[in-house]
Amino acid sequence: MKKILIANRGEITLRIMRSAREMGIKTVAVYSEADRNALHVRYADEAVCIGPPPSSQSYLRGDRILEVCKQLKVDAIHPGYGFLSENAVFARQVRDAGIIFIGPSPEAMELMGSKLAAKETAKKHHVPLVPGTEQPIAGISEAKKIAAKIGYPVLIKASAGGGGKGMRTVENEKEFEEQLNRAISEAQAAFGDGSVFIEKYVTAPRHIEIQILGDQHGNVVYLFERECSIQRRHQKLIEEAPSSILTEEMRQRMGNSAVALAKACGYYNAGTVEFLVDDQLNYYFLEMNTRLQVEHPVTEFITGLDLVKEQIKIARGEKLSFTQEDLKIHGHAMELRVCAEDPMNNFLPDIGKLKTYRRPQGPGVRVDDGFEEGMDIPIYYDPMLAKLIAHGKDRSEAIERLKRAIDEYEITGVQTTLTFGKWVLEHPDFLSGHFDTGFIPKYFKTDSIQLQPEDAGEKEIVALLGAALAGAGDVTGEPLTGKKALAKSHTKWRKNRLL
Ligand code: MV4
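Take a look at the structure:
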């Protein structure tokens, strides 16, 4: 492997190129007209413009990217995250063109792309699942019986969804039929696949994911967990490793579950198995992400590994150079996503020019970014400016370092999530480790009016429903139908949480 093309932009593209360069591999950037002056273009050994700013006309144009590969004699493609990274059709086209896809096989991507197929595989290998259906819903009366047996509230999820897309909460039997029909037609419209399934709605869950690495010789290891419960509308804002609630025994069980699932689908490359953890510390498989994730640096800090180098070595056909027994957790790492968003204005993307941009430095601090002072932030893409990651000997040192780095970071010209991050890092429930995915809506004031947790809870459930609708492509629906029921369910949900 002498030359790789990174089919992506921004911080992740730079991060991948850095590892490639250390390995003596040449890099090729592709870019849109909005990214002519981007850092990933300047860092690459070669760079080719592939189209206008909208990603549908540039970063998602697999055909153009493959043409560039042929022209420049590229050996392999790294897809990064987002864009084409979990597109099995593209991965197959890459393989058919005789180019290495630095990711899993298209077959494994396809299997995990179907949430139902993933659940079936998990079940076969004794990976715990949320009580629910493992087959697509066939008929309404059958489905109602199942929902009644599971017990309300339930969630209806689209098999082709994921990451919160195409999810609907159902509070009681009365609204079940209507919600089911909507979920099916939304899934059909958004994904071209109307298969949906039902799950028990787990209240106040934590989101904990296991990083795995597998080679092409059947060896799979887990690189421990990342705690990702500090989220807003399915957008993670703070991630850390290890999680403060897992016992060594639970970590091993979850790790073994993740490895079993990966082995079951012949998985190779880096991957992440997502779990929900309830207030009784039961864990349930949710879905598997078949890509390198945004938050991978916290795992790199605690394991001492370079995940991109590992991906490249695996793609070259090498065996993993270590076993599970060789792996140990070193200290604690925490990441804040620095986004050009205004936390006081409902986290709306804030566009503009980076008037001042000075990175923090010093012990245990890493900044993965793709911008420089004076650059305009393009409106076409993700508003994440940078990832600020801190590492320390334990959780409190990681927190102190991250706080110190936030103070050193100087960004003017746009609003960012830096001050929001500082607020989280000083919150007593965050410090004590007693938090779940309801943390931000429960505690954060989204505007100048001080919201009571009660109001915040209702706001969140409406926002959640709105996000589910938006994710399913429904802009005409009535997001307020069932609002009261949802708010009621949410009140119960808050009461049930362990805080
Ligand atoms: C759930 C759930 C509760 N019960 N499934 C959201 C993202 C997608 N991967 C699955 N998600 C959820 N699935 C059951 N059966 C709650 C969520 C959920 C969530 C999960 C992780 C992190 C943040 C979340 C925020 C809202 C809902």
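According to the numbering used here, the residues represented by the sequence shown are 967 to 1465, in order.
Think of the CB as a built atom: it goes at the ideal place given N, C-alpha and C, for glycine as much as any other residue.
Bounding residues of the beta strand (DSSP E) (the contiguous stretch that carries residue i)
| i | result |
| --- | --- |
| C1015 | 1012-1017 |
| D1334 | 1331-1335 |
| Q1177 | 1172-1180 |
| N1147 | N1147 -> not in any beta strand (DSSP E); alpha helix (DSSP H) instead, spanning 1139-1157. |
| N1255 | 1249-1255 |
| M916 | Because the chain here runs from 967 to 1465, residue 916 falls outside it and cannot be looked at. |
| K992 | 992-998 |
| R1219 | R1219 -> not in any beta strand (DSSP E); alpha helix (DSSP H) instead, spanning 1214-1230. |
| L1293 | Element bounds for L1293: n/a, residue is neither H nor E. |
| L971 | 969-972 |
| I1068 | Run containing I1068: none; DSSP gives neither H nor E here. |
| I1043 | 1042-1044 |
Of the listed residues the options, nearest to residue i (C-alpha basis)
| i | options | result |
| --- | --- | --- |
| V1331 | N974, N1311, K1369, D1348 | K1369 |
| E1073 | G1028, G1297, Y1233 | Y1233 |
| H1091 | I1112, A1230, I1016 | A1230 |
| V1187 | V1096, V1260, T1135, I1280 | I1280 |
| S1398 | S1362, M967, M1078, K969 | S1362 |
| G1160 | G1117, Y1375, G1105, Y1346 | G1105 |
| N1311 | L1227, G1270, G1297, F1410 | F1410 |
| H1298 | N1138, R1192, G1128 | R1192 |
| M1300 | V1390, G1404, M983, K1408 | V1390 |
| K1166 | N1185, T1383, D1244 | D1244 |
| S1021 | L971, G976, R1257 | G976 |
| R1008 | R984, E1143, L1026, S1125 | R984 |
| F1241 | G1283, F1190, G1270 | F1190 |
| F1337 | F1056, S1210, A1352 | A1352 |
| M1216 | D1402, L1247, R1198 | L1247 |
| T1385 | R1325, Y1346, L1302 | L1302 |
| G1117 | V1096, E988, A1371 | V1096 |
| K1131 | L1273, T1378, F1401, V1162 | V1162 |
| R1199 | M989, A1207, I1406, K969 | I1406 |
| Q1182 | E1214, V1264, Q1145, R1282 | R1282 |
| V1380 | E1052, T1169, P1309, I1278 | P1309 |
| T1099 | A1088, I1112, S1107, E1307 | I1112 |
Span of the alpha helix (DSSP H), counted from its first residue to its last, around residue i
| i | result |
| --- | --- |
| E1052 | No alpha helix (DSSP H) holds E1052; DSSP gives it neither H nor E. |
| M1075 | 1072-1079 |
| Q1101 | That residue, Q1101, is in no alpha helix (DSSP H); it is neither H nor E in DSSP. |
| L1005 | 1005-1009 |
| G1265 | Looking at the sequence shown, residue 1265 is not Gly but Thr. Counting along the chain, the alpha helix (DSSP H) containing T1265 begins and ends at 1262-1269. |
| M983 | 976-988 |
| T1238 | Element bounds for T1238: not the alpha helix (DSSP H) but the beta strand (DSSP E), 1235-1243. |
| T1385 | 1384-1391 |
| D1342 | Element bounds for D1342: n/a, residue is neither H nor E. |
| V1274 | 1273-1281 |
| K1111 | 1106-1116 |
| V1034 | 1028-1037 |
Local Cβ density within 10 Å of residue i, reported as buried at 16 or more and exposed below that
| i | result |
| --- | --- |
| T979 | buried |
| T1289 | exposed |
| Q1177 | buried |
| L1314 | exposed |
| N1003 | exposed |
| K1085 | buried |
| D1062 | exposed |
| T1135 | buried |
| G1184 | exposed |
| E1392 | exposed |
| E1266 | buried |
| N1235 | buried |
| N1462 | At N1462, the pLDDT of 33 sits below 50, so the modelled position is not reliable and the matter cannot be decided from this model. |
| E1276 | buried |
| I1345 | exposed |
| H1296 | exposed |
| I1415 | Only weak support is given to the placement of I1415: the predicted model assigns it a pLDDT of 26, under 50, and the value that follows is read from those uncertain coordinates. Label assigned to I1415: exposed. |
| N1147 | exposed |
| E1175 | buried |
| R1257 | buried |
Cutoff 7 Å: residue i Cβ touching any chain D Cβ
| i | result |
| --- | --- |
| I1112 | Given the protein chain composition of this structure (a single chain), no chain D is represented. |
One or two residues paired with residue i in a DSSP bridge
| i | result |
| --- | --- |
| C1305 | M1350 |
| H1357 | A1299 |
| Q1201 | R1198 |
| V1162 | A1124 |
| R1192 | E1175 |
| T1087 | Answer by DSSP bridge pairing: none, since T1087 is not bridged. |
| R1324 | E1376 |
| V1186 | G1180 |
| L1095 | F1251 |
| H1400 | Paired residues: none, contrary to the question. |
| L1314 | D1308 |
heavy atom of the ligand GTP below 6 Å from residue i C-beta
| i | result |
| --- | --- |
| V1304 | Within the structure as shown, the ligand GTP is missing, the only ligands being the ligand MV4. |
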